Amino acid sequence: MRTVSARFNSTTTPNPSNENSRPAQTHFGFRTVDENAKEDLVKGVFSSVAPKYDLMNDAMSMGIHRLWKDDFVSLLNPGRRGPIKILDMAGGTGDIALRMLDHAREKYADRDTSVLVSDINPDMLKEGMRRVRQTMYHNTPQIGFQVANAQELDPEIFPDNSFDLYTIAFGIRNCTSIPDVIKEAHRVLKPGGTFACLEFGKIDNPLLSQLYDVYSFSVIPMLGSILASDRESYQYLVESIRRFPSQPVFAQMIRDAGFTTGQDFSGQGGAWRDLWGGIASVHLGVKA
1 MRTVSARFNS TTTPNPSNEN SRPAQTHFGF RTVDENAKED LVKGVFSSVA PKYDLMNDAM
61 SMGIHRLWKD DFVSLLNPGR RGPIKILDMA GGTGDIALRM LDHAREKYAD RDTSVLVSDI
121 NPDMLKEGMR RVRQTMYHNT PQIGFQVANA QELDPEIFPD NSFDLYTIAF GIRNCTSIPD
181 VIKEAHRVLK PGGTFACLEF GKIDNPLLSQ LYDVYSFSVI PMLGSILASD RESYQYLVES
241 IRRFPSQPVF AQMIRDAGFT TGQDFSGQGG AWRDLWGGIA SVHLGVKA
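Counted the way full-length UniProt numbering counts, the sequence shown spans residues 1 to 288.
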């Protein structure tokens with residue numbers, strides 16, 4: 001397995017008073033950090049949580065993340081138009097990849113759709129490989145794993161115009177430069193290919209938003225302490241959700257990368273589809 005070299009570009013700007021000597025600043029949760037430090041900080045979080053990542057997702061969302069992921073895969077409906085080639089970025093534990101393959105096989109008898117699972121964190125990929133060993137897809141060409149930086153994919157491994165579908169679920173908010181990730185997704189997708197992102201969103205309902213904030217900042221870090229002995233990592237995960245752009249802002253970022261989307265609303269014909277009042281959202285873009 002090859003590790004792709006990293007380059008990080010930020011959407012933030014350097015301090016103009018010391019532009020030549022200080023690196024650009026970005027955010028790590030609610031903290032401001034040097035751009036070139038974020039990669040290691042994020043790797044540390046996910047290396048820490050990898051062994052209990054799925055357990056903690058169940059605990060934090062009360063199992064609801066499974067429903068969101070099922071909705072995501074059902075919406076994409078792999079196999080409907082025949083076998084496709086999927087790149088599942090930040091796919092670590094293989095959760096989305098296995099759902100994709102199961103959907104194609106069970107609904108359309110498709111055993112030729114394939115998924116390349118990619119993640120910057122080798123510890124997360126190890127969890128995915130461990131899980132796949134327990135399935136019928138082990139040692140088949142239907143699934144593979146690759147360590148890579150979503151912001152700069154090696155063209156030899158991820159050629160231009162080579163994938164039909166690019167998925168990223170609950171991962172893009174952890175990247176240093178979201179625009180660079182989306183631009184790389186556009187590069188590797190075939191014309192007519194789809195960029196599909198499942199990520200946390202902003203809640204419009206004030207009461208639901210308030211309740212969600214109380215739960216997120218009080219209960220989730222406590223669960224991190226109890227179940228994973230790691231409060232700090234789960235505090236970061238909560239903070240990273242709050243720092244992620246709103247649905248209209250993110251939809252515009254997708255368009256800026258060259259994708260065609262729906263209009264700025266949720267639902268049929270919209271650029272995104274809110275789940276559970278906007279706690280999570282599915283964003284879609286199509287490469288012309």
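Think of the CB as a built atom: it goes at the ideal place given N, C-alpha and C, for glycine as much as any other residue.
Because the structure is a prediction, the values reported are computed rather than measured.
The beta-bridge partner set that DSSP reports for residue 143 consists of 115.
The Cβ atoms of residue 274 and residue 201 lie closer than 8 Å to each other. Residue burial annotation: residue 234 is buried, with at least 16 other C-beta atoms found within 10 angstroms of its C-beta. C-alpha of residue 116 to C-alpha of residue 243: approximately 28 Å in a straight line. Distance from the CA of residue 138 to the CA of residue 132, rounded to the nearest whole angstrom, comes to 6 Å. Across the set 182, 180, 177 and 163, the C-alpha of 163 shows the shortest separation from the C-alpha of residue 191. Looking at 236, 53, 286 and 270, the one whose alpha-carbon comes closest to that of residue 258 is 286. The bridge partners DSSP lists for residue 86 are 115 and 165. Separation of the CB atoms of residue 228 and residue 62 is rounded to 16 Å, and the pair is thereby denied contact status at 8 Å. Residue 254 and residue 187 have their C-alpha atoms some 13 Å from each other.
Membership of residue 280 in any alpha helix (DSSP H) is not indicated; the residue belongs instead to the beta strand (DSSP E) covering 280-287. When 207, 83 and 140 are compared, the shortest CA-CA separation from residue 165 is found for 83.
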